[in-house]
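Asker: Have a look at this one.
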Amino acid sequence: KIDNIYINSPEAVCGFAASATCSTFKNVTICGYIKSSNLAVGLVDNLFSSDLYNVQNKATIEGEEAFGISANVTETKVDYCANYGKITAINLASGFFGRFNVYEENDVLSISKCANYGKITGSTASGFVIDCYNATLINSINYGDIEGGGSAAGLIYKFFGGKVIKSISIGNITIYSSNNYGGLVYD
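Spelled out as structure tokens, the structure:
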């Protein structure tokens with residue numbers, strides 16, 4: 194458990210590390226406050242070819258861009274993870290990831306059995322992922338309220354291939370300046 198973390202910096206900041214490759218994060222909880230005038234993430238900025246199991250963000254995160262777990266994720270399996278933290282950004286904000294990439298569509302490299310409980314606020318906001326490429330979101334739920342200055346989605350903001358299976362969003366979605374929203378996926 195990473196407890197009582199306090200970061201307030203003009204630079205890009207992460208609760209644990211700037212990058213991780215071929216790593217396993219299991220039973221990790223992040224608690225505290227993370228703020229940046231730039232990018233702010235709960236766990237790791239860049240995550241490649243790794244496994245996340247029971248990772249929980251309970252930190253309040255604020256930044257130009259802010260994400261509960263990671264900004265850029267590639268070829269990674271995510272199971273039983275949750276965001277409880279309040280995520281607030283000037284631009285992009287999501288409960289889990291900024292970008293989630295899978296090179297070839299498959300159900301193994303997926304986001305599975307995860308939940309967002311936190312309030313997510315940004316110019317563009319989503320419960321789980323801003324940009325999702327070829328991944329599968331399965332058996333997951335957004336309970337948190339999503340507030341977008343111009344764009345918002347309950348689960349995924351932009352979806353470039355992949356699948357959403359047995360996943361729902363029941364949190365409120367509020368848009369302040371346009372009609373760019375989706376209950377589950379915007380685009």
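Residue numbers (the numbering used here): 194 to 380. Even for Gly, the Cβ is constructed at its ideal location relative to N, Cα and C.
1) Select from G320, K270, E255 the residue whose C-alpha is nearest the C-alpha of S303.
2) How many angstroms separate the CA atom of C224 from the CA atom of S316?
3) Skipping 5 residues on each side, what residues in its chain have a beta carbon closer than 8 angstroms to that of Q249?
4) Name, in chain order, the residues that DSSP records as bridge partners for A289.
5) With respect to the beta strand (DSSP E) encompassing G256, which residues constitute its N-terminal and C-terminal limits?
6) Mind checking who T317 pairs with in its DSSP beta bridge?
7) Just to confirm, is the Cβ distance from G239 to A211 under 9 angstroms?
8) Which residues mark the beginning and the end of the beta strand (DSSP E) in which K359 is found?
9) What is the DSSP secondary structure of G208, reduced to helix, strand or coil?
10) Let's test the definition: count the other Cβ atoms within 10 Å of the Cβ of F353 and tell me whether it reaches 16, buried, or not, exposed.
11) In the DSSP output, which residue or residues are listed as bridge partners for D244?
12) Can you give me the C-alpha to C-alpha distance between Y336 and L330, rounded to a whole angstrom?
13) Excluding the five sequence neighbours on either side, which residues of its own chain have a C-beta within less than 6 angstroms of the C-beta of I283, listed in chain order?
14) Going by DSSP in three states, S202 sits in which element: helix, strand or coil?
15) Using 10 angstroms around the beta-carbon of S362, count the other beta-carbons present and answer buried if the total reaches 16, otherwise exposed.
16) From Y296, T314, S333, pick the residue whose C-alpha is nearest to that of G342; which is it?
17) Can you have a look at G281 and say buried or exposed, based on whether 16 or more other CB atoms are within 10 angstroms of its CB?
18) Quick one: Cα of T367 to Cα of A213, how far?
Answerer: Result, derived from the coordinates:
1) For the purposes of this step, residue 303 is taken as residue 110 along the sequence shown, with counting starting at 1. Among G320, K270, E255, the Cα nearest to that of S303 is on K270.
2) Locating residue 224 in the sequence shown gives position 31, counting from the first residue. Locating residue 316 in the sequence shown gives position 123, counting from the first residue. Between the C-alpha atoms of C224 and S316 there is a straight-line separation of about 25 angstroms.
3) Locating residue 249 in the sequence shown gives position 56, counting from the first residue. Counting only residues of its own chain and dropping the five nearest sequence neighbours on each side, Q249 has a CB closer than 8 angstroms to the CB of V221, T222, I223, C274, A275, N276, Y277.
4) For the purposes of this step, residue 289 is identified with residue 96 of the sequence shown, where counting begins at 1. It is Phe, not Ala, that sits at residue 289 in the sequence shown. Among the bridge pairs identified by DSSP, F289 is matched with none.
5) Within the sequence shown, numbered from 1, the residue matching residue 256 stands at position 63. Element bounds for G256: 253-256.
6) Start at 1 with the first residue of the sequence shown, and residue 317 comes out as number 124. For T317, the beta-bridge partners assigned by DSSP are L285, S344.
7) As a position in the sequence shown, residue 239 is number 46, starting the count at 1. As a position in the sequence shown, residue 211 is number 18, starting the count at 1. One point to set straight first is that residue 239 is Asn, not Gly, in the sequence displayed. Judged by beta-carbon spacing, A211 lies within the 9 angstroms limit of N239, meaning their Cβ atoms are closer than that value.
8) Reading the sequence shown from its first residue, position 166 is the one you call residue 359. Segment: none, K359 is in no beta strand (DSSP E) and carries neither H nor E.
9) To locate residue 208, count along the sequence shown from 1; it is residue 15. Coil, per DSSP.
10) Indexing the sequence shown from 1 puts residue 353 at position 160. F353 counts as exposed, since fewer than 16 other beta carbons sit within 10 angstroms of its beta carbon.
11) Translated into the one-based positions of the sequence shown, residue 244 becomes position 51. T217, K270.
12) As a working note, residue 336 is residue 143 in the sequence shown. As a working note, residue 330 is residue 137 in the sequence shown. Rounded to whole angstroms, Y336 to L330 spans 15 angstroms at the Cα level.
13) In the sequence shown, counting from the first residue as 1, residue 283 sits at position 90. Non-local C-beta neighbours of I283 in its own chain, meaning closer than 6 angstroms and more than five positions away in sequence, comprise E257, ordered along the chain.
14) Here residue 202 refers to the residue found at position 9 of the sequence shown. Looking at S202 - three-state DSSP - the assignment turns out to be strand.
15) Here residue 362 corresponds to residue number 169 of the sequence shown, with the count starting at 1. S362 is buried by the Cβ-count criterion.
16) Along the sequence shown, read from residue 1 onward, the residue named residue 342 stands at position 149. When each option's Cα is compared against that of G342, the closest is T314.
17) Here residue 281 refers to the residue found at position 88 of the sequence shown. Checking the displayed sequence, the identity of residue 281 turns out to be Thr instead of Gly. Burial call: buried.
18) Your numbering for residue 367 matches position 174 in the sequence shown. Your numbering for residue 213 matches position 20 in the sequence shown. Rounded to whole angstroms, T367 and A213 show a C-alpha spacing of 34 angstroms.
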